[in-house]
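J.:
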Amino acid sequence: GYEFEPMVALTAASGATTSARLQTGVLGNDYRHPVLVHRMAALLDVVSGGRFVLGMGAGWMTSDYQAAGLDLDPPAVRIDRLEEAIAVVKGLFADAPFTFAGEHYRISDLDGLPKPVQRPHPPLFLGGGSPRVLRLAGREANVVGVNASLRRGTLGTHAIRDLSPDRVVEKIGWVHEGARAAGRSPGDVELEINLWLARITRTVDDGRDFLERMAATHEVEPAILAESPSVLVGTVEQCVEALQQRREELGFTCIQLDAGHPNPRIDDFAPLIAALS
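The sequence shown runs 1 to 277 under my numbering.
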């Protein structure tokens, strides 16, 4: 849940499991210095036996910054800082001592310890919804999360509309542009999407009724929800078909299941997981 500090929670999870992959989704960059991020990530990769995926983000939610008394810099500044933080974290995973001189961070001959199990470093997950962030993710990340643009600092109808099929295709294009600019193939980048609204229903009609109710709540047309790649509502058979279609047509091989309100418990998705497996 969102009430858990992620690195402590994942450390507990690493000791309670032997095969599950562990991922932050994502660490807000302004809350932790990248030297600390590296130290925590490196040790978690070691204690988990190489099962950690490091998710980082620029930070966006205005209320978070206000509650913590942090200055909310303009998006461009936060992305500049994230870009430097990525360079620092990656540099500290290397074998040799690392030095870095940027506008936001300065590192002097620091040997990042411990060395991770996964080399050259644990997989990096970056998510975003703007052209700049998604191009950065295409250049730097192993896994890229395609999200709504959150420049306003809040969630709302604008975010739902920004995850229409056409907008998602455009965002995937920015990821691929970033990958090619770094000399990478688009196939080198795994694509992920967050299912912010997910519900397994008993019948097709139940799913249609649920979408209509949620559309009215969020003041959008039901078709906006029904067609969005970030929404998964319907019977097990419908959901299997939708996920397979999104994999084949859009390239999404990884999904984040947001089991918070108004979604049901994560256990309710067991029949879907069984069908997919």
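Yeah, the Cβ is synthetic: ideal placement off N, Cα and C, and Gly gets one too. Quick caveat: nothing in here was measured; it's all calculated off a predicted structure.
1) Given residue 226, which residues of its chain have a CB within under 6 angstroms of its CB, disregarding the five upstream and five downstream residues?
2) Can you tell me whether residue 140 is buried or exposed? The criterion is at least 16 other CB atoms within 10 Å of its CB, across all chains shown.
3) Which first and last residues belong to the beta strand (DSSP E) in which residue 99 is found?
4) With a floor of 3 residues, list each beta strand (DSSP E) that falls wholly inside the segment 24-89, ordered by position along the chain.
5) Determine the direct distance from the alpha carbon of residue 69 to that of residue 52, and round the result to whole angstroms.
6) Helix, strand or coil for residue 198 per DSSP?
7) Is residue 190 near residue 138, with beta carbons less than 8 angstroms apart?
8) Tell me the rounded alpha-carbon separation between residue 20 and residue 48.
9) Look at residue 292 and residue 207 and say whether their C-beta atoms are less than 8 angstroms apart.
10) Quick check: the Cα distance between residue 58 and residue 129, rounded to an integer number of angstroms?
11) How far does the alpha helix (DSSP H) with residue 211 in it reach, from first residue to last?
12) For residue 250, which of 135, 119, 43, 171 has the nearest alpha-carbon?
13) Give me the Cβ distance between residue 43 and residue 24, rounded to the nearest whole Å; I'm assuming they're in contact under 8 angstroms.
14) Between residue 160 and residue 236, which are expected to be in contact by the criterion C-beta below 8 angstroms, what is the C-beta distance as a whole number of angstroms?
15) Can you pull the DSSP bridge partners for residue 252?
16) I'd like to confirm the pairing. Which residues does DSSP put opposite residue 145 in its beta bridges?
17) Go through its chain and collect everything with a Cβ distance to residue 174's Cβ below 6 angstroms, but skip five positions before and after it.
18) With DSSP run on the structure shown, which of helix, strand or coil describes residue 265?
19) Looking at the unbroken beta strand (DSSP E) that takes in residue 258, where does it start and where does it end?
20) Per DSSP, what kind of secondary structure is residue 15 in: helix, strand or coil?
21) Less than 8 angstroms between C-beta atoms, sequence neighbours within five positions excluded: which residues of the same chain meet that for residue 224?
22) Alpha helix (DSSP H) containing residue 168: first to last residue?
23) Under the assumption that residue 110 contacts residue 8 (Cβ atoms under 8 angstroms), give the Cβ distance between them as a whole number of angstroms.
24) To the nearest whole angstrom, what separates the beta carbons of residue 120 and residue 94, a pair I think is in contact under 8 angstroms?
T.: Quick look at the numbers:
1) Looking up residue 226 in the sequence shown gives position 226. If we look at residue 226 and ignore the five residues flanking it on each side, its Cβ neighbours are 211.
2) As a first step, residue 140 is located in the sequence shown; it is residue number 140 there, counting from the start. Label assigned to residue 140: buried.
3) Along the sequence shown, read from residue 1 onward, the residue named residue 99 stands at position 99. Residues 98-101.
4) 52-57
5) By 1-based counting over the sequence shown, the position of residue 52 is 52. By 1-based counting over the sequence shown, the position of residue 69 is 69. Their backbone Cα atoms lie some 30 angstroms apart in a straight line.
6) Here residue 198 refers to the residue found at position 198 when the sequence shown is read from its first residue. If DSSP states are grouped into helix, strand and coil, residue 198 belongs with the strands.
7) One-based indexing of the sequence shown puts residue 190 at position 190. One-based indexing of the sequence shown puts residue 138 at position 138. Not in contact: residue 190 and residue 138 (Cβ atoms no closer than 8 angstroms).
8) Mapped onto the sequence shown, residue 20 falls at position 20. Mapped onto the sequence shown, residue 48 falls at position 48. So the two alpha carbons sit approximately 9 angstroms from each other.
9) Because the chain here runs from 1 to 277, residue 292 falls outside it and cannot be looked at.
10) Taking the first residue of the sequence shown as position 1, residue 58 is located at position 58. Taking the first residue of the sequence shown as position 1, residue 129 is located at position 129. Cα to Cα, residue 58 sits roughly 11 angstroms from residue 129.
11) Translated into positions along the sequence shown, residue 211 becomes position 211. Residues 204-218.
12) Translated into the one-based positions of the sequence shown, residue 250 becomes position 250. It is 171.
13) Mapped onto the sequence shown, residue 43 falls at position 43. Mapped onto the sequence shown, residue 24 falls at position 24. Actually they do not touch by this definition, with Cβ atoms about 14 angstroms apart.
14) Position 160 of the sequence shown holds residue 160. Position 236 of the sequence shown holds residue 236. Residue 160 to residue 236, Cβ: 24 angstroms. No contact.
15) One-based indexing of the sequence shown puts residue 252 at position 252. For residue 252, which the question treats as bridged, DSSP gives the partners 191.
16) To locate residue 145, count along the sequence shown from 1; it is residue 145. Beta-bridge pairing links residue 145 to 127, 192.
17) Position 174 of the sequence shown holds residue 174. Counting only Cβ-Cβ distances below 6 angstroms, and skipping sequence neighbours, we find 131, 134, 135.
18) Within the sequence shown, numbered from 1, the residue matching residue 265 stands at position 265. Three-state result, residue 265: coil.
19) The residue given as residue 258 occupies position 258 in the sequence shown. Residue 258 -> no beta strand (DSSP E), and no H or E assigned at all.
20) Here residue 15 refers to the residue found at position 15 when the sequence shown is read from its first residue. Residue 15: helix per DSSP, three-state reduction.
21) The sequence position of residue 224 within the sequence shown is 224, counting from 1. These residues qualify, in order along the chain: 160, 161, 164, 215.
22) Numbered from 1 along the sequence shown, position 168 holds the residue referred to as residue 168. Taken as a continuous stretch (DSSP letters only), the alpha helix (DSSP H) holding residue 168 covers 165-181.
23) On the sequence shown, residue 110 is found 110 positions in, with the first residue counted as 1. On the sequence shown, residue 8 is found 8 positions in, with the first residue counted as 1. Not confirmed; about 24 angstroms, so no contact.
24) Here residue 120 is taken as the residue at index 120 of the sequence shown, counted from 1. Here residue 94 is taken as the residue at index 94 of the sequence shown, counted from 1. Yes, they are in contact, since the Cβ atoms of residue 120 and residue 94 sit about 7 angstroms apart, within 8 angstroms.
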